[in-house]
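Below: the structure, in structure tokens.
Protein chains: 2
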Amino acid sequence: MTTDGRLARMLHVLVHMGLLGGRETSERIALMLNTNPVVVRRTLGVLREHGIVESEGGRGGGWKLTRSLDQVTVLDVQRALTKGPALTAPVSRDHPTCPVERASNSVLEKAHAAAEAHLIAKYAVTTLAQIAKDAKHKASGTTQ
Amino acid sequence: MTTDGRLARMLHVLVHMGLLGGRETSERIALMLNTNPVVVRRTLGVLREHGIVESEGGRGGGWKLTRSLDQVTVLDVQRALTKGPALTAPVSRDHPTCPVERASNSVLEKAHAAAEAHLIAKYAVTTLAQIAKDAKHKASGTTQ
DNA sequence: GATAGCGTAACTATAATTGTTGCGGAAAGG
DNA sequence: CCTTTCCGCAACAATTATAGTTACGCTATC
Ligand code: FES
Ligand code: FES
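Order-wise, the sequence lines are chains W and V. Quick note: the first sequence uses the numbering used here, first residue 4, plus one each step. Quick note: the second sequence uses the numbering used here, first residue 4, plus one each step.
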């Protein structure tokens with residue numbers, strides 16, 4: 004597959020939307036994401052189902068955040084985009100009854116579960132407002 | 004893509020090889036992995052490049068571990084199979100100069116780097132001998 | 001009613017592992 | 001030698017999830 008860049012893209016665009024304040028059309032967002040409006044509608048549509056954004060059709064329509072940047076965490080966005088755990092252990096199912104395969108899978112699953120807990124914890128305490136703040140610092144401060 | 008099950012598969016088969024002690028042919032290993040010999044050669048070939056197994060052609064040939072199970076860690080196998088970090092942050096490259104995109108990517112990269120460190124640490128202290136031991140306990144003890 | 005939006009269906013493109021077939025070469029055994 | 005049993009490798013199809021694209025319908029505003 005192509006690498007799943009939806010989370011990164013959504014963070015990017017949500018922060019822009021928050022900073023701009025008003026409504027943004029799929030067309031303008033597509034330019035930000037270097038893609039086309041249909042992809043934007045598809046992905047933002049998932050966020051709408053989770054109450055993070057809302058859309059309005061017709062002239063003057065577009066997309067808008069339902070909460071301010073400091074009330075949306077990275078975890079909120081991640082959870083909306085991905086069902087199930089953020090990190091999945093790559094297990095094998097060649098011989099489900101084999102104790103060795105089960106023990107191997109178990110090791111991988113436990114290690115991934117622990118790693119995922121850390122990842123989720125970090126996502127949970129990072130708000131879009133903080134990303135916006137970082138962006139401003141980078142823009143005015145040292146490049147990179 | 005199809006989920007990358009190579010690490011799980013290699014752990015499984017390496018433990019079996021260690022427990023059986025002698026040489027195993029690609030044919031027999033393919034049966035363990037519910038696949039065919041070519042896939043086995045392809046994947047074990049990578050491990051051979053990293054000195055974990057060795058192969059011999061001709062009659063009576065096959066694959067053999069170069070070290071005992073307690074001298075191979077999950078990390079050794081993972082490193083052999085994957086170049087670069089075990090966990091990669093799914094970043095976007097739509098507008099590389101945009102500070103917001105950079106800040107978003109940066110958050111994801113840092114979170115993943117921290118999670119990867121934990122994952123790697125767990126891999127590093129887990130030997131194949133421990134997996135073998137777990138498997139024996141599961142086989143004789145309670146199912147699951 | 002013309003225009004600017006979103007919503008959605010139906011494709012195609014892309015990328016990485018997996019599965020498969022076929023052939024060549026090497027080692028052992030007779 | 002010649003057959004059998006191995007690995008090595010090239011080449012190609014299958015799979016699967018996201019991304020990209022085209023097309024059409026619907027709604028709200030002007
Ligand atoms: S996409 Fe234009 S600045 Fe982030
Ligand atoms: S594959 Fe036969 S027991 Fe693990």
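Cβ coordinates follow ideal geometry from the N, Cα and C atoms, glycine included. Remember, it's a predicted structure, so these values are computed and weren't measured experimentally.
Is the CB-CB distance between L84/V and E119/V below 7 Å?
The residue labelled residue 84/V in the question sits at position 81 within the second sequence. The residue labelled residue 119/V in the question sits at position 116 within the second sequence. For L84/V and E119/V, no; Cβs fall outside 7 Å.
What are the boundary residues of the alpha helix (DSSP H) that G21/W is part of?
Position 18 of the first sequence holds residue 21/W. Unbroken alpha helix (DSSP H) run through G21/W: R9 to L23.
For A142/W, which residues from the same chain have a beta carbon less than 8 Å from its beta carbon, with the 5 sequence-adjacent residues on both sides left out?
Numbered from its first residue, the first sequence carries residue 142/W at position 139. By the criterion of a C-beta distance shorter than 8 Å, A142/W is surrounded by no residue of its chain, once the five residues flanking it on both sides are discounted.
Within chain W, partners of L14/V - CB distance below 9 Å
Taking the first residue of the second sequence as 1, we reach residue 14/V at position 11. Those within 9 Å of L14/V in chain W are S95, V103, E104, A106, S107, N108, V110 and L111.
Let me confirm a value: S71/W is counted as buried when at least 16 other C-beta atoms fall within 10 Å, else exposed. Which label applies?
In the first sequence, the residue the question calls residue 71/W occupies position 68. Classification of S71/W: exposed, given that the 10 Å Cβ count is below 16.
Is it a yes or a no for the stretch 8-25 of chain V touching the stretch 100-116 of chain W, going by three-plus beta-carbon pairs under 8 Å?
Three or more pairs of CB atoms, one per stretch, sit closer than 8 Å, so the stretch 8-25 of chain V contacts the stretch 100-116 of chain W.
DSSP three-state assignment for S143/V, whether helix, strand or coil
Position 140 of the second sequence, counted from the first residue, corresponds to residue 143/V. DSSP places S143/V in helix when its eight states are reduced to three.
Test item: CB-CB of H115/W and A135/W under 7 Å
Taking the first residue of the first sequence as 1, we reach residue 115/W at position 112. Taking the first residue of the first sequence as 1, we reach residue 135/W at position 132. Their beta carbons are not under 7 Å apart, which means H115/W does not touch A135/W by this criterion.
To the nearest angstrom, report how far apart L34/W and H121/W are at their CA atoms.
Looking up residue 34/W in the first sequence gives position 31. Looking up residue 121/W in the first sequence gives position 118. Cα to Cα, the separation comes out at about 34 Å.
Rounded distance between the beta-carbons of L68/W and L17/W, thought under 8 Å:
On the first sequence, position 14 is the one that residue 17/W refers to. On the first sequence, position 65 is the one that residue 68/W refers to. About 7 Å separates the two Cβ atoms, so the contact holds.
I think N37/W touches D97/V, with their Cβ atoms under 8 Å apart; what is that distance to the nearest whole Å?
On the first sequence, residue 37/W is found 34 positions in, with the first residue counted as 1. On the second sequence, residue 97/V is found 94 positions in, with the first residue counted as 1. About 4 Å; that satisfies the 8 Å criterion.
Could you name each continuous beta strand (DSSP E) segment of 3 residues or more that falls completely within the stretch 74-109 of chain V, going from the start of the chain to the end?
You should have found no qualifying run.
Just the C-alpha distance for G63/V and K139/V, rounded to the nearest angstrom, thanks.
Indexing the second sequence from 1 puts residue 63/V at position 60. Indexing the second sequence from 1 puts residue 139/V at position 136. Counting only the Cα atoms, K139/V lies some 29 Å from G63/V.
Check this for me: beta carbons of D73/W and T130/W, under 7 Å apart or not?
Counting from one through the first sequence, the residue named residue 73/W turns up at place 70. Counting from one through the first sequence, the residue named residue 130/W turns up at place 127. At the C-beta level, D73/W and T130/W come within 7 Å of one another.
So which residues on chain W does G25/V lean against when the C-beta distance must stay under 8 Å?
As a position in the second sequence, residue 25/V is number 22, starting the count at 1. The premise fails here: G25/V is roughly 17 Å from chain W at the closest Cβ pair, so nothing lies under 8 Å.
Could you confirm whether any beta carbon from chain V is found closer than 7 Å to the beta carbon of A118/W?
Here residue 118/W is taken as the residue at index 115 of the first sequence, counted from 1. For A118/W, at least one C-beta of chain V is nearer than 7 Å to its own C-beta.
Where T146/W and P102/V are concerned, what is the direct C-alpha to C-alpha distance, given to the nearest angstrom?
Taking the first residue of the first sequence as 1, we reach residue 146/W at position 143. Taking the first residue of the second sequence as 1, we reach residue 102/V at position 99. Here the model assigns T146/W a pLDDT of 44, short of 50, so the residue's position is not dependable, and the following value carries that caveat. Straight-line measurement puts the Cα of P102/V at about 9 Å from the Cα of T146/W.
For L68/W, three-class secondary structure by DSSP
What you label residue 68/W is simply residue 65 of the first sequence in a count that begins at 1. Looking at L68/W - three-state DSSP - the assignment turns out to be strand.
With a threshold of 6 Å (Cβ to nearest heavy atom), would C101/V be considered close to ligand 2?
Here the question's residue 101/V lines up with position 98 in the second sequence. It does not: the Cβ of C101/V is nowhere closer than 6 Å to a heavy atom of ligand 2.
Let me know the secondary structure DSSP gives Q133/W once reduced to three states.
In the first sequence, the residue the question calls residue 133/W occupies position 130. The three-state reading of DSSP puts Q133/W in helix, counting H, G and I together.
Rounded to the nearest angstrom, how far is the Cβ of V56/W from that of L47/W, given a contact under 8 Å?
In the first sequence, counting from the first residue as 1, residue 56/W sits at position 53. In the first sequence, counting from the first residue as 1, residue 47/W sits at position 44. Rounded to the nearest angstrom, the Cβ distance from V56/W to L47/W is 6 Å, consistent with a contact under 8 Å.
G61/V to H53/V, Cα distance in whole Å?
The count along the second sequence starts at 1 and reaches residue 61/V at position 58. The count along the second sequence starts at 1 and reaches residue 53/V at position 50. Between G61/V and H53/V, the C-alpha separation is close to 22 Å.
K141/W: contacting residues in chain V (beta-carbon distance under 7 Å)
Locating residue 141/W in the first sequence gives position 138, where the first residue counts as 1. Those are P102, R105 and A106, listed as they occur along chain V.
Quick one: Cα of A124/V to Cα of T76/W, how far?
Position 121 of the second sequence, counting from 1, holds the residue named residue 124/V. Position 73 of the first sequence, counting from 1, holds the residue named residue 76/W. So the alpha carbons of these two residues sit roughly 28 Å apart.
Name, please, each residue of chain V whose Cβ falls closer than 9 Å to the Cβ of M35/W.
Working through the first sequence from its first residue, we reach residue 35/W at position 32. Residues of chain V whose Cβ lies closer than 9 Å to the Cβ of M35/W are, in chain order, D97, H98, C101, V103 and E104.
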